[in-house]
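Q: Following the numbering used here, the residues of the sequence shown are numbered contiguously, the last one being 245. All C-beta atoms, glycine included, are put in the ideal place defined by N, C-alpha and C.
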Amino acid sequence: MPVSRSLEEITDLPEELLQDPTWERSGHTISFRDGCRVPLPWSGDHPPFGFTAHGIQPWLPQPEAWKSKTVAAETGDPDSMLTLYRTAPHSDSAAHCPPCVATLCLAAITHRCPRLRRWTVVSVCREPVPTTDRDRPGRNGSCSPPPI
Numbered sequence: 098m099p100v101s102r103s104l105e106e107i108t109d110l111p112e113e114l115l116q117d118p119t120w121e122r123s124g125h126t127i128s129f130r131d132g133c134r135v136p137l138p139w140s141g142d143h144p145p146f147g148f149t150a151h152g153i154q155p156w157l158p159q160p161e162a163w164k165s166k167t168v169a170a171e172t173g174d175p176d177s178m179l180t181l182y183r184t185a186p187h188s189d190s191a192a193h194c195p196p197c198v199a200t201l202c203l204a205a206i207t208h209r210c211p212r213l214r215r216w217t218v219v220s221v222c223r224e225p226v227p228t229t230d231r232d233r234p235g236r237n238g239s240c241s242p243p244p245i
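1. Which stretch, first to last residue, makes up the alpha helix (DSSP H) that contains Arg-134?
2. Measuring alpha carbon to alpha carbon, tell me which residue in Gly-147, His-143, Glu-105, Pro-145 is nearest Asp-131.
3. Just confirm the distance between the C-beta atoms of Asp-174 and Thr-180, as a whole number of angstroms; I'd bet it's less than 8 Å.
4. Please say whether Thr-149 and Pro-155 have beta carbons closer to each other than 8 Å?
5. Give the straight-line distance between the Cα atoms of Arg-122 and Pro-160, rounded to the nearest whole angstrom.
6. Give the single residue among Leu-115, Phe-146, Pro-225 whose Cα lies nearest to the Cα of Arg-134.
7. Just the Cα atoms here: how many angstroms apart are Ser-140 and Ala-169?
8. Residues in its own chain within less than 8 Å of Thr-119 by CB, not counting five upstream and five downstream?
9. DSSP state of Thr-257, grouped into three classes?
10. Terminal residues of the continuous alpha helix (DSSP H) containing Glu-121?
11. Tell me whether Ala-150 sits in a helix, a strand or coil according to DSSP, three-state version.
12. Applying the 10 Å Cβ sphere with the 16-neighbour rule, what's the burial state of Arg-183?
13. Helix or strand or just coil, what does DSSP make of Leu-104?
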C-alpha cells in the first residue's frame with residue numbers, strides 16, 4: 098500500500114499573497130481556497146520546482162519541503178502518490194466501477210486488503226447524484242460488489 102505523501106494544503110500563506118475571491122468578498126476575513134491552489138512541484142530542489150522559468154516566482158509560494166514530492170522525485174518510486182494515481186483505474190473504465198457509479202462524472206476505486214474491501218467514489222458531476230441504500234456497495238441491490 099502506498100505511503101501517504103501527498104501535497105498538503107498550505108495554511109500559513111501571507112495575507113498579502115491571498116487571491117481567492119472569497120477572501121476579497123469577505124473583507125479579508127475568510128481564506129478559503131488559496132492554500133490548496135499552490136502550484137504543483139514538477140522538478141528540482143528549490144521553489145518554484147520547475148513550475149515557472151528560472152527567476153520567476155509563482156503567484157503563491159511553495160514550501161521547501163516539497164522537493165521530495167516533485168514529479169521528478171516520485172517518478173519510479175512504487176510507493177509514491179504519483180504512482181498510486183498513475184496506476185489507479187481510470188473513470189472511463191466501467192469495469193472497475195460498481196454499476197451504480199459507472200457514469201462519466203463519477204469514478205470508483207476498489208481498495209482490497211486480505212479480508213476487507215472498500216470503495217472510494219469521487220464525483221466531478223455538476224449536479225448532486227442521488228443515492229439510496231441500494232446504491233451502496235455491499236448492500237443488497239445492483240451495487241453489491243463481486244466476491245473477492
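A: So, from the listed chains and residues:
1. If you look at Arg-134, you'll find it isn't in any alpha helix (DSSP H); DSSP assigns it neither H nor E.
2. The candidate whose alpha carbon is nearest that of Asp-131 is Glu-105.
3. Asp-174 to Thr-180, Cβ: 6 Å. Contact.
4. Yes; because the gap between Cβ atoms is below 8 Å, this pair is in contact.
5. Answer to the nearest angstrom: the Cα atoms are 27 Å apart.
6. Nearest C-alpha to Arg-134: Leu-115.
7. C-alpha separation (whole angstroms): 5 Å.
8. Sequence-distant partners of Thr-119 (beyond 5 residues in either direction) whose C-beta falls short of 8 Å from its own C-beta, in its chain, are Ile-127, Ser-128, Phe-129, Arg-130.
9. In the structure as shown, the chain starts at 98 and stops at 245, and residue 257 therefore has no counterpart that could be examined.
10. In the DSSP assignment, Glu-121 falls within the alpha helix (DSSP H) that extends over 118–122.
11. Of the three classes helix, strand and coil, the one that applies to Ala-150 here is coil, per DSSP.
12. When all chains shown are included, Arg-183 counts as exposed.
13. In this structure, Leu-104 counts as coil in the three-state DSSP scheme.
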